[in-house]
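Visitor: Got a structure for you, questions after.
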Amino acid sequence: MRLSISAGTELANRLKRGDPRAWEELCRVYGEALFLYAYHRIGDAAAADDVRQETLLAAVEGIASYRGAVPLFAWLCGIARHKAADELRRRNRENLPVEAARHDGDPRPDELLERAEARAAVVEALWSLPEDYRRALVARYVEGESVEGVAARLNRSYKAAESLLTRAREVLLRRLKEGGQH
3 MRLSISAGTE LANRLKRGDP RAWEELCRVY GEALFLYAYH RIGDAAAADD
53 VRQETLLAAV EGIASYRGAV PLFAWLCGIA RHKAADELRR RNRENLPVEA
103 ARHDGDPRPD ELLERAEARA AVVEALWSLP EDYRRALVAR YVEGESVEGV
153 AARLNRSYKA AESLLTRARE VLLRRLKEGG QH
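Mind the numbering: the sequence shown is residues 3 to 184 in the working numbering, read in order.
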């Protein structure tokens, strides 16, 4: 589930007022997406979980600086981007692996970083989509469902699922081209 821009702003306002249920909602609504975002930047599940937690804590601590100029998730991704970069720098200092060890023919570190950034951009754009678009794309392209399977999962006809997937792909590609601005 993703909140609309106005609902994200309202959630931020509730966080500013210290509403404890707002914290729970922030974690529930954005926790998984932030984990995926961090995982695709770092390539390590434990470190991605740490980045997610650090991001959520930093967001609550810095919520006063959120002005609503960008969607709440985009603001959270900005924080996560910095936390992931800190983790990558720490791993580099300590000579910890970022992804699998390099072998002959494997990509160079700069290529791995470009791929990680591209994957993170896809996650950010995907989670910025309306929920039905995101669910359809994840079912089809991440989980490998057929169009019939997507239709059944979303309780739609085959044609409606096909149309939804087409619209979802178009919006996702547009958001990726725009660099996440929407």
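We put the beta carbon where it would ideally sit given N, CA and C, even for glycine.
Could you check which residue in G70, V125, Y39 and A138 has the C-alpha nearest to that of S159?
Guide: Ranking G70, V125, Y39 and A138 by Cα distance to S159 puts A138 first.
Visitor: Are there three or more Cβ pairs, one per stretch, closer than 8 Å when the segment 33 to 52 is compared with the segment 75 to 86?
Guide: Touching, yes.
Visitor: Any beta-carbon of chain B closer than 8 Å to the one on G70?
Guide: Of the protein chains in this structure there is only one, and it is not chain B.
Visitor: Need the endpoints of the alpha helix (DSSP H) that V152 sits in, please.
Guide: First-last of the alpha helix (DSSP H) with V152: V149 to L156.
Visitor: Measuring only the C-alpha atoms, how far is Q55 from D46?
Guide: Cα-Cα distance, rounded: 14 Å.
Visitor: Secondary structure at E89, three-state DSSP: helix, strand or coil?
Guide: Residue state, collapsed to three classes: helix.
Visitor: What are the start and end residues of the alpha helix (DSSP H) that includes Y32?
Guide: Looking at the DSSP string, the run of the alpha helix (DSSP H) that includes Y32 is P22 to I44.
Visitor: On the premise that G70 lies in contact with T11, defined as a C-beta separation below 8 Å, what is that separation, rounded to the nearest angstrom?
Guide: Between G70 and T11 the Cβ distance is about 4 Å, and since that is below 8 Å, they are a contact.
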